[in-house]
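K.L.:
Protein chains in written order, with the numbering used here: chain A, 349 to 618; chain B, 349 to 618.
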């Protein structure tokens, strides 16, 4: 079973270029994921009341995400988001998303990987029971390469910014919302680099790379209200931007990469 | 002429209490204002192309805003926003908004006051020409007291926080979005005070004040990317929270007050 959800790009989703912010697209992808899980009967609200996990007070936790856009939609543009689950592992399930414009043309895609945790013990739950709910599975491969597993930043921070987690960062789960990490990352980049994202120069190298952008993000630990974080920016040999968000003890809580479409990571999209 | 716009409270609109954030309601009110202005033919896009102001490259600028909610809607709740213009002054027009739940019960209201500026000279334009467009006017008084004109903070800052304006703060106008100022303000308050807003203890005094909340905000100067701001929190004799946002030269760029419903400022709502 798969669902299609429609959204309009609203003023608060766009930046000064009048195109959607990359993390607003991420929010729309996650919103569709939530709506679809609700429809299938195992959304956050169902899990909180014990459905699907033997009475355990459970919740979905986003573990990794990749979003790959060939272009960023414009102000008031109507987009359709098509989403389906392709597989359940023991500890992780894969949800796929295709983003289309109003003519049905694909303008982007996303893959998200989710774990289910017991909210009382904060431990991951076995998803084998859900795998039995085969009606929720669609036999269609992810539309882009799955989110990359990102290792520790090997280089020094070329750029660094500190951020204290505030009220507006905290979502319904009581910790920082998934797209807030990406927002902190983008807010750390120089304005000229941000302007190039999804605008023909995603890696900030000054050359036209086709207008697309892809990000991969790995979530390692949650960030809580009042936590002091450091956002560290590095780069790899391809000139892609690498990011690591560290807590006050120096431990990585999140890693990410932002790259122009056309890297190996998104080759299946081409 | 008046318009009605429907919205659903999405995951990104809510906080850990599962109710809408007060500035998300503000964003929805502003979104309806934009949609309605578009429908009437003098939205930001029309103005940018010279409609309604003799070929001048103009834009609406929010000058003052008051939002008064008797309760904050919950996750996935459908709300209807009804909006109309009640008057045009020479330099300012008044737009009114009523927020209703899905049963049609009023749960809040807002009044916004707008100036029109010439984007090239940044000077205010005379609205007399628009006043002639009488079809856009509705002979219905504002549903709550108009936004209060707030004077300089007379007390010392009881609480202070600095903020550098970043990419995520900047909206389609190229400066900080109107609701970002309120977000910075709320992010400055202690968690316990924020939790009481719209939740029976809007002034943080620890006593039940009926569950409502009202904010009044005055915009004095725009905030631009990279600006260093200070958010200063004071209070008045009623225990209401007063706020002033100052730029690096110490000049106030925004003033606001957050109060429990039932103060003199919102008496017409009762």
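Quick reminder that beta carbons are idealized off the backbone N, C-alpha and C, glycines included.
(1) Expressed to the nearest angstrom, what Euclidean distance is found between the alpha-carbon atoms of residue 487 of chain A and residue 527 of chain A?
(2) Starting from residue 476 of chain A, follow its DSSP beta bridges and name the residues at the other end.
(3) Starting from residue 416 of chain A, trace the beta strand (DSSP E) in both directions and tell me its first and last residue.
(4) From the beta carbon of residue 351 of chain B, is the nearest beta carbon of chain A less than 8 Å away?
(5) Thinking C-beta only, is residue 363 of chain A closer than 8 Å to residue 518 of chain B?
(6) Hey, residue 431 of chain A and residue 350 of chain A are a contact pair by Cβ (cut 8 Å); roughly how many whole angstroms apart?
(7) Around the C-beta of residue 538 of chain A, are 16 or more other C-beta atoms found within 10 angstroms, so that it is buried, or is it exposed?
(8) Residues of chain A with CB closer than 9 Å to the CB of residue 542 of chain B, please, in chain order.
(9) Does any CB atom of chain B fall closer than 8 Å to the CB of residue 605 of chain A?
(10) What does the Cβ neighbour count give for residue 419 of chain B, buried or exposed, with the cut at 16 atoms within 10 Å?
(11) Indicate the three-state DSSP secondary structure (helix, strand or coil) for residue 469 of chain B in the structure shown.
(12) What does the Cβ neighbour count give for residue 469 of chain B, buried or exposed, with the cut at 16 atoms within 10 Å?
(13) I'd like to check one pair, residue 594 of chain A with residue 523 of chain A: are the Cβ atoms closer than 8 Å?
(14) Could you tell me the alpha carbon to alpha carbon distance between residue 366 of chain A and residue 491 of chain B, rounded to whole angstroms?
(15) Does the beta carbon of residue 358 of chain B sit closer than 8 Å to a beta carbon anywhere in chain A?
(16) Which residues of the stretch 562-587 of chain A have a Cβ closer than 9 Å to any Cβ of chain B? Give them in chain order.
(17) By DSSP's criteria, residue 589 of chain B is part of a beta bridge. Which residues make up the other side?
(18) With a 10 Å radius around its C-beta and 16 neighbouring C-beta atoms as the bar for buried, classify residue 413 of chain A as buried or exposed.
(19) Rounded to the nearest angstrom, how far is the Cβ of residue 506 of chain B from that of residue 581 of chain B, given a contact under 8 Å?
(20) Is residue 540 of chain B closer than 8 Å to residue 561 of chain B when the C-beta atoms are compared?
(21) Strictly below 7 Å CB to CB, what residues from chain A border residue 406 of chain B?
(22) List, in chain order, every chain A residue whose beta-carbon is nearer than 8 Å to that of residue 535 of chain B.
(23) I need the boundaries of the alpha helix (DSSP H) containing residue 372 of chain B, first residue and last residue.
(24) Give the DSSP bridge partners of residue 464 of chain B, in chain order.
(25) What does a CB cutoff of less than 7 Å around residue 459 of chain B pick up in its chain, not counting 5 residues either side in sequence?
(26) Is residue 493 of chain B close to chain A, meaning its C-beta is less than 8 Å from at least one C-beta of that chain?
(27) Nearest to residue 693 of chain B by CA position, among A/359, A/484, A/426 and A/353, is which residue?
(28) Of all the residues that make up the stretch 357-387 of chain A, which are near chain B by a beta-carbon distance shorter than 7 Å?
(29) Note down, in chain order, each residue of its chain lying with its Cβ closer than 6 Å to the Cβ of residue 514 of chain B, except the 5 sequence neighbours on either side.
(30) Under 9 Å between beta-carbons, which chain B residues line up against residue 546 of chain A? List them in chain order, please.
(31) Pop quiz: residue 529 of chain B and residue 475 of chain B are said to be a contact at Cβ under 8 Å. What is the actual Cβ separation, rounded to whole angstroms?
(32) Report all residues from its chain with a CB closer than 6 Å to the CB of residue 426 of chain B; omit the five preceding and five following residues, and keep chain order.
(33) When DSSP builds the beta bridges, which residues end up paired with residue 576 of chain B?
(34) Buried or exposed: where does residue 574 of chain B fall if 16 or more other Cβ atoms within 10 Å of its Cβ makes it buried?
(35) Quick check: residue 566 of chain A and residue 509 of chain A, are their CB atoms within less than 8 Å of each other?
P.N.:
Short version:
(1) On the first chain, position 139 is the one that residue 487 of chain A refers to. On the first chain, position 179 is the one that residue 527 of chain A refers to. Taking the straight line from one Cα to the other gives about 28 Å.
(2) Reading the first chain from its first residue, position 128 is the one you call residue 476 of chain A. DSSP output for residue 476 of chain A lists no bridge partner at all.
(3) Stepping through the first chain from its first residue, residue 416 of chain A is reached at position 68. 406-417 is the extent of the beta strand (DSSP E) around residue 416 of chain A.
(4) As a first step, residue 351 of chain B must be located in the second chain, where it is residue number 3. No, no contact with chain A.
(5) Translated into positions along the second chain, residue 518 of chain B becomes position 170. Translated into positions along the first chain, residue 363 of chain A becomes position 15. Yes, Cβ-Cβ distance for residue 518 of chain B and residue 363 of chain A is below 8 Å.
(6) Against the first chain, residue 431 of chain A aligns to sequence position 83. Against the first chain, residue 350 of chain A aligns to sequence position 2. 6 Å between Cβ atoms; contact.
(7) Taking the first chain and counting its residues from 1, the one referred to as residue 538 of chain A is at position 190. Its Cβ having fewer than 16 others within 10 Å, residue 538 of chain A is exposed.
(8) In the second chain, residue 542 of chain B corresponds to position 194, counting from 1. Result: 515.
(9) Here residue 605 of chain A is taken as the residue at index 257 of the first chain, counted from 1. So, not an interface residue.
(10) Here residue 419 of chain B is taken as the residue at index 71 of the second chain, counted from 1. So residue 419 of chain B counts as buried.
(11) As a working mapping, residue 469 of chain B is identified with position 121 in the second chain. Residue 469 of chain B falls in the coil class under three-state DSSP.
(12) Working through the second chain from its first residue, we reach residue 469 of chain B at position 121. When all chains shown are included, residue 469 of chain B counts as exposed.
(13) Residue numbering aside, residue 523 of chain A sits at position 175 when the first chain is read from its first letter. Residue numbering aside, residue 594 of chain A sits at position 246 when the first chain is read from its first letter. Not in contact: residue 523 of chain A and residue 594 of chain A (Cβ atoms no closer than 8 Å).
(14) Walking along the first chain from the start, residue 366 of chain A turns up at place 18. Walking along the second chain from the start, residue 491 of chain B turns up at place 143. Answer to the nearest angstrom: the Cα atoms are 33 Å apart.
(15) Here the question's residue 358 of chain B lines up with position 10 in the second chain. Cβ-Cβ to chain A under 8 Å: yes for residue 358 of chain B.
(16) 573 and 574
(17) Against the second chain, residue 589 of chain B aligns to sequence position 241. Partner(s): B/583 and B/606.
(18) Within the first chain, numbered from 1, the residue matching residue 413 of chain A stands at position 65. The residue is buried, with at least 16 neighbouring Cβ atoms inside 10 Å.
(19) In the second chain, residue 506 of chain B corresponds to position 158, counting from 1. In the second chain, residue 581 of chain B corresponds to position 233, counting from 1. About 6 Å separates the two Cβ atoms, so the contact holds.
(20) Mapped onto the second chain, residue 561 of chain B falls at position 213. Mapped onto the second chain, residue 540 of chain B falls at position 192. No, the pair does not count as a contact, with Cβ atoms beyond the cut-off.
(21) For the purposes of this step, residue 406 of chain B is identified with residue 58 of the second chain, where counting begins at 1. Chain A residues near residue 406 of chain B: none, gap ~17 Å exceeds 7 Å.
(22) In the second chain, residue 535 of chain B corresponds to position 187, counting from 1. 514, 515 and 516, listed in chain order.
(23) Sequence index remark: in the second chain, residue 372 of chain B carries index 24 (1-based). Here the alpha helix (DSSP H) through residue 372 of chain B covers 370-388.
(24) Indexing the second chain from 1 puts residue 464 of chain B at position 116. Partner(s): B/408.
(25) In the second chain, residue 459 of chain B corresponds to position 111, counting from 1. The answer, listed in chain order, is 414, 442, 444, 490, 492, 494 and 495.
(26) What you label residue 493 of chain B is simply residue 145 of the second chain in a count that begins at 1. With 8 Å as the cut-off, residue 493 of chain B does not count as an interface residue toward chain A.
(27) Only positions 349 to 618 of chain B appear in this structure, which leaves residue 693 of chain B out of reach.
(28) 358, 359, 360, 362, 363, 364, 366, 375, 379 and 382
(29) Stepping through the second chain from its first residue, residue 514 of chain B is reached at position 166. The answer is none, since no qualifying residue turns up.
(30) Taking the first residue of the first chain as 1, we reach residue 546 of chain A at position 198. In chain order: nothing, as chain B lies at least about 13 Å away.
(31) For the purposes of this step, residue 529 of chain B is taken as the residue at position 181 of the second chain. For the purposes of this step, residue 475 of chain B is taken as the residue at position 127 of the second chain. That pair is no contact at about 24 Å.
(32) Here residue 426 of chain B is taken as the residue at index 78 of the second chain, counted from 1. 356 and 450, listed in sequence order.
(33) By one-based count along the second chain, residue 576 of chain B stands at place 228. According to DSSP, which records beta bridges pairwise, residue 576 of chain B is partnered with B/512.
(34) By 1-based counting over the second chain, the position of residue 574 of chain B is 226. By the neighbour-count rule (16 or more Cβ atoms within 10 Å), residue 574 of chain B is not buried but exposed.
(35) For the purposes of this step, residue 566 of chain A is taken as the residue at position 218 of the first chain. For the purposes of this step, residue 509 of chain A is taken as the residue at position 161 of the first chain. No, Cβ-Cβ distance for residue 566 of chain A and residue 509 of chain A is not below 8 Å.
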